[in-house]
Every structure is written in C-alpha cells, then in structure tokens.
Amino acid sequence: HDCRAAASDLTDVGGLNLKAHGVAAAPDARVVPAGAGLADSLFETDGMLTKREIRAVTLSSLAPRAGELLWDIGTGSGSVAIEWLLAHPANRAVGIERRADRAALARKNAVALGVPRLEIVIGAAPGALGGLPAPNAIFVGGGVSDANVLGAAWCALTRGGRLVANSVTLDSDRVLGAFVKENDATLTRLSVERLDRIGGLQGFRPAMTVTQLRAVKP
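Shown next, in the form of structure tokens:
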C-alpha cells in the first residue's frame, strides 16, 4: 500500500516501528542543497554574515574532510561552521563568538539547517581558545586586526591543518601581510558585484573587497 504521512513531529512513534522508504519535501519546505555557498536568506542574521559567494570560496579554502574539527573564530551567524558541518555527518565545529546575542543566532541557524551539533563558546579570542581540542582547520572571520588572534590560531593547528582568514579593512590587511612575511601563506583579493537598480536603470554594485589568507601548517 502507498501510505503517506502528511505531517507529523514523530514524537509518539518508536524508532524501531518506523521505516521510511521514501522521503519527499513538503511544497513549502526549505531544501538545503548539497555543495558550498548556501543562499544568504537561509540564515537569520543581524548583518554579520559571510556572504554566499565569499563563503563558497572560504569553504573551498578550508577543504573540509570527513571527521575533521573546525574552529570558527568570530562565528557571527555561524554560516561557515554550519556549512562545514553539512559537508559530512562526522564533521565537528566550534564557533567562538564574543557576543551572546550572535552566539544565540548561530545556535538557532544550526538547528534550523539540521546541524545542532555545532558547539558554541562565548568569549573573545585568543583567550576563549584555551582548553579547546586541537582543530584540523581554523577560519578567522572576526578579530583579524588583532595579530595575537592569528598567532594563537596558527599555534593551535594540527600538522597539515588549514588556516583561512578574511579581511575587509586595511588594519586587518596589515596583519595578514605581516603573517605572510613570516610564514608560507598566500593572499587573494575577492571581489563580487551584484546587479542592482541605479535610478531608473540597472548596474552592478560592488560589495566590499575581501582579502583572504590561506596557509597550511607544516
């Protein structure tokens, strides 16, 4: 027989008594696609969000592998950590965020997008990093202007670990430049323009250019 459960939270159904032969999304469901670069609209945010195109490049640079641990320093809305977790069910991530309200948003987004295992540490780096398990990859999206944050992240990485940091200010760019002088790392400028209305016409409006640091721990 073709039987379909239209709507249920499954709270009263025993796990051993349920076998789903096929799962179909409801017409109004939010379907999370495979691959990096989820739509910005999928995340609840106060404005601190790594935008879709930059996030896709950032995830590519972080190169998630099955079972690895990510530190997301300055996690904001949690978008990078969430996409890291979506890359493989065995992946782990810790979001470090100094503001409790943003940490709450990251938790909410993680639950909404199916990865409630995102761990959150409320505190400012580098102090909040103490006692955390050694990561395989670190993304620094906040606090880049403090050279101590980048230094602590680099020291914490395991051998072969990836460090990625994004900057949108000259102050942070100077910190990244100083890091490159002392370590084997690369800097890339990322620019995105989106179609927008300009008066009665259309044109491409540029977003802030992002400088991205990439380094692999020897």
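Just so it is clear: in the sequence shown, position 69 is 69 by the numbering used here, and no numbers are missing. Glycine included, every Cβ here is placed at the ideal spot set by N, Cα and C.
(Q) Helix, strand or coil, according to DSSP, for D196 in the structure here? (A) Here the question's residue 196 lines up with position 196 in the sequence shown. When secondary structure is reduced to three states using DSSP, D196 falls in the strand class.
Q.
Using a Cβ distance threshold of 8 Å, determine whether the segment 82 to 93 contacts the segment 62 to 71, with at least three qualifying pairs required.
A. yes
Q | Segment limits, beta strand (DSSP E) that includes F43 | A | Mapped onto the sequence shown, residue 43 falls at position 43. Segment: none, F43 is in no beta strand (DSSP E) and carries neither H nor E.
Q | E68 - DSSP class collapsed to helix/strand/coil | A | Translated into the one-based positions of the sequence shown, residue 68 becomes position 68. Three-state DSSP puts E68 in coil, outside helix and strand.
Q: Thinking L69 and P133 are a contact (beta carbons under 8 Å), I'd like their distance in whole angstroms, please.
A: As a first step, residue 69 is located in the sequence shown; it is residue number 69 there, counting from the start. As a first step, residue 133 is located in the sequence shown; it is residue number 133 there, counting from the start. Rounded, the Cβ-Cβ distance is 6 Å, consistent with contact.
Q | Spatial neighbours of R55 in its chain, beta-carbon cut-off 8 Å, leaving aside the 5 residues before and after | A | Here the question's residue 55 lines up with position 55 in the sequence shown. Cβ within range, chain order: A36, G37, L38, S79, V80 and E83.
(Q) Let me check understanding here. Comparing Cα to Cα, which of G74, A104, A106 and N136 lies closest to R92? (A) Sequence index remark: in the sequence shown, residue 92 carries index 92 (1-based). Checking every option, the nearest Cα to that of R92 belongs to N136.
Q) How many whole angstroms separate the CB atoms of G74 and G141, which I take to be in contact at a CB cut-off of 8 Å? A) Residue numbering aside, residue 74 sits at position 74 when the sequence shown is read from its first letter. Residue numbering aside, residue 141 sits at position 141 when the sequence shown is read from its first letter. Indeed, because the Cβ distance is near 5 Å, the residues count as touching under 8 Å.
Q) H1: buried (16+ other C-beta within 10 angstroms of its C-beta) or exposed? A) To locate residue 1, count along the sequence shown from 1; it is residue 1. Annotation note: pLDDT 48 at H1 (below 50); position unreliable, coordinate value reported separately. Exposed: under 16 other Cβ atoms inside 10 Å.
Q: Could you pull the start and end residues of the alpha helix (DSSP H) that A110 belongs to?
A: Taking the sequence shown and counting its residues from 1, the one referred to as residue 110 is at position 110. Here the alpha helix (DSSP H) through A110 covers A100 to A112.
**Q.** Sufficient close CB pairs (3 or more, under 8 Å) joining the segment 116 to 128 to the segment 96 to 104
**A.** yes
Q. DSSP puts N166 in a beta bridge; with which residues?
A. Within the sequence shown, residue 166 is the residue found at index 166, counting from 1. In the DSSP output, where bridge partners are listed per residue, N166 has Q212.
(Q) Considering only the alpha carbon of each residue, which of G47, K51, V32 and P33 lies closest to D40? (A) The residue you call residue 40 lines up with position 40 of the sequence shown. Comparing Cα-Cα distances from D40 to each of G47, K51, V32 and P33, the minimum goes to K51.
Q: Could you tell me the distance, in whole angstroms, from the CA atom of K181 to the CA atom of L49?
A: The count along the sequence shown starts at 1 and reaches residue 181 at position 181. The count along the sequence shown starts at 1 and reaches residue 49 at position 49. Here the C-alpha atom of K181 lies approximately 29 Å from the C-alpha atom of L49.
(Q) Please state the DSSP three-state secondary structure of T158. (A) By 1-based counting over the sequence shown, the position of residue 158 is 158. The DSSP-derived three-state label of T158 is coil.
Q.
Need the endpoints of the beta strand (DSSP E) that L38 sits in, please.
A. In the sequence shown, the residue the question calls residue 38 occupies position 38. Unbroken run through L38: none, as it is neither H nor E.
Q: Run the CB neighbour count on S167, radius 10 Å, all protein chains shown included, and call it buried at 16 or more, exposed below.
A: Within the sequence shown, numbered from 1, the residue matching residue 167 stands at position 167. Its Cβ being crowded by 16 or more others within 10 Å, S167 is buried.
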